[in-house]
Amino acid sequence: MKTLIVSALIGLSIAVSGQSALAASWPDKPVKLIVPFPPGGPSDAAARTVAEGLSIRLKQSVIVENHAGAGGTLAAQTVLHAQPDGQTLLWAVASMAVIPLLQKSPPFTTLGDFEPVGMVGRFGFGLFVHPSVPANTVAALTEQARAAPGKLTYATGALSEYLVTTDYMKRTGTDMMRVPYKGGAQAMPDVVAGRVQVFFTPLSLGLQQARAGQLRLLAVLQSTRSPLAPDVPTLDEAGVPGVVLPSWQAVMAPPRTPSSIIALLAGALQQTLQDKDMRARLEKMAVHIEPLAPEQLAKQIEAEAGMWQRFVRDYDIPKE
Numbered sequence: 006m007k008t009l010i011v012s013a014l015i016g017l018s019i020a021v022s023g024q025s026a027l028a029a030s031w032p033d034k035p036v037k038l039i040v041p042f043p044p045g046g047p048s049d050a051a052a053r054t055v056a057e058g059l060s061i062r063l064k065q066s067v068i069v070e071n072h073a074g075a076g077g078t079l080a081a082q083t084v085l086h087a088q089p090d091g092q093t094l095l096w097a098v099a100s101m102a103v104i105p106l107l108q109k110s111p112p113f114t115t116l117g118d119f120e121p122v123g124m125v126g127r128f129g130f131g132l133f134v135h136p137s138v139p140a141n142t143v144a145a146l147t148e149q150a151r152a153a154p155g156k157l158t159y160a161t162g163a164l165s166e167y168l169v170t171t172d173y174m175k176r177t178g179t180d181m182m183r184v185p186y187k188g189g190a191q192a193m194p195d196v197v198a199g200r201v202q203v204f205f206t207p208l209s210l211g212l213q214q215a216r217a218g219q220l221r222l223l224a225v226l227q228s229t230r231s232p233l234a235p236d237v238p239t240l241d242e243a244g245v246p247g248v249v250l251p252s253w254q255a256v257m258a259p260p261r262t263p264s265s266i267i268a269l270l271a272g273a274l275q276q277t278l279q280d281k282d283m284r285a286r287l288e289k290m291a292v293h294i295e296p297l298a299p300e301q302l303a304k305q306i307e308a309e310a311g312m313w314q315r316f317v318r319d320y321d322i323p324k325e
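All residue numbers for the sequence shown refer to the working numbering, where the first residue is 6 and numbers rise by one.
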């Protein structure tokens with residue numbers, strides 16, 4: 006019995022010393038955080054904020070690289086093909102789960118193929134319209150869209166913006182014309198100019214314009230009203246229930262990244278999200294902070310898989 010106890014203590018001592026040695030030597034070069042959107046958008050801003058916090062905790066630069074395009078596929082491919090050493094990370098978003106469902110030759114089977122580091126939080130979305138649109142309420146917008154199918158235009162940058170607009174149209178029996186962009190930040194100038202009329206996008210991207218009277222915020226797409234716009238109803242309150250798709254953002258690593266490195270990254274991320282200054286900055290971006298640990302994030306991804314499959318099937322979203 007004593008021999009077993011001594012052996013266990015020796016094993017624990019080796020594990021702890023090994024972890025300490027790794028923490029002292031890793032990372033020994035800058036870490037890359039691959040973001041699947043162009044610079045300037047809400048996800049990019051949140052990723053850069055988190056990267057700043059990780060740099061402090063890891064005592065090494067964390068550099069954001071924007072690999073926009075194909076709904077996140079390019080960024081995913083970059084991280085999938087990277088060395089599993091924790092030096093290349095993915096800024097993952099919930100909507101990337103549909104990539105394997107929409108592509109004939111997807112680069113990954115599920116988001117579960119990546120090693121989860123941790124969830125950062127969820128973005129609050131808003132339904133914005135240009136002031137030239139007569140509708141002052143969601144009900145009025147829905148009535149206008151029904152009366153003239155295909156006449157109203159809507160912008161999409163991120164894949165999530167396309168999915169949530171599709172959800173709204175299917176639930177309301179409306180049809181609007183899609184105008185795609187590389188990212189939300191690239192779409193916003195045309196929406197403000199009135200060249201595109203409707204935009205479902207993260208609150209942080211359109212709130213400033215709405216407060217300036219350049220856009221009208223009709224509803225927020227979350228379960229409760231946003232503290233950033235407390236007088237604006239939720240879409241559910243406005244009469245269109247159910248349009249609240251997963252909108253989390255998280256950090257993930259390449260497959261087969263050692264658990265010891267994942268543990269160090271997860272710890273640094275948790276410390277970053279507990280920092281008061283970091284939390285305040287993210288909350289101003291309309292991020293609802295939800296710092297899930299790796300195993301919790303893995304369960305979240307698994308739990309949402311069936312929902313995404315039903316979404317693509319029921320709405321008959323075409324494969325690319």
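Where a beta carbon is used, it is the ideal one built from N, C-alpha and C, also for glycine.
Secondary structure of residue i, DSSP reduced to three states
i, result
"Phe119", "coil"
"Glu242", "coil"
"Lys175", "helix"
"Glu288", "helix"
"Glu295", "coil"
"Met181", "coil"
"Leu168", "helix"
"Arg261", "coil"
"Gly46", "coil"
"Gly335", "Residue coverage of the chain in this structure runs from 6 to 325, which leaves residue 335 outside it and unanswerable."
"Ser22", "Bear in mind that the predicted position of Ser22 carries a pLDDT of just 47, short of 50, making it too unreliable to give a figure here."
"Val249", "coil"
"Gly131", "strand"
"Val98", "strand"
"Leu38", "strand"
The alpha helix (DSSP H) enclosing residue i, as first and last residue numbers
i, result
"Lys304", "299-319"
"Thr161", "That residue, Thr161, is in no alpha helix (DSSP H); its beta strand (DSSP E) goes 158-161."
"Gln279", "264-279"
"Gln88", "Run containing Gln88: none; DSSP gives neither H nor E here."
"Ala258", "Per DSSP, Ala258 belongs to no alpha helix (DSSP H); it is in the beta strand (DSSP E), 253-258."
"Ile104", "104-107"
Through-space distance from residue j to residue i, alpha-carbon basis
i, j, result
"Ser22", "Ser265", "Summary for Ser22: the model assigns pLDDT 47, below 50, so the residue's position carries little reliability; its value from the coordinates is reported in the next sentence. Going by the C-alpha atoms only, they are around 12 angstroms apart."
"Ser209", "Met290", "5 angstroms"
"Thr277", "Arg62", "8 angstroms"
"Glu307", "Asp118", "11 angstroms"
"Phe128", "Pro41", "15 angstroms"
"Ala150", "Tyr159", "11 angstroms"
"Val103", "Gln314", "8 angstroms"
"Thr179", "Val196", "20 angstroms"
"Glu242", "Val225", "10 angstroms"
"Asp321", "Tyr173", "14 angstroms"
"Leu95", "Ser110", "20 angstroms"
"Phe113", "Ser137", "43 angstroms"
"Ala271", "Lys156", "47 angstroms"
Any non-hydrogen atom of the ligand ZN within 7 angstroms of residue i CB
i, result
"Ser60", "Summarising the ligand content, the structure contains no ligands, and the ligand ZN is consequently not present."
Residue span of the beta strand (DSSP E) that contains residue i, given as start and end
i, result
"Leu85", "No beta strand (DSSP E) contains Leu85, which is instead part of the alpha helix (DSSP H) from 78-85."
Closest Cα partner of residue i within the set the options
i, options, result
"Arg183", "Ala215, Val197, Arg176, Gly162", "Gly162"
"Thr229", "Thr171, Gly247, Ala217", "Gly247"
"Phe205", "Met101, His135, Gln279", "His135"
"Glu326", "Glu309, Ala310, Arg286, Gln279", "Within the shown structure, residues of the chain are numbered from 6 to 325, placing residue 326 beyond reach of any answer."
"Lys187", "Val245, Arg176, Lys34, Thr78", "Thr78"
Contained alpha helix (DSSP H) runs [length at least 4] in the stretch 188-229, N- to C-terminal order: 189-198, 208-216
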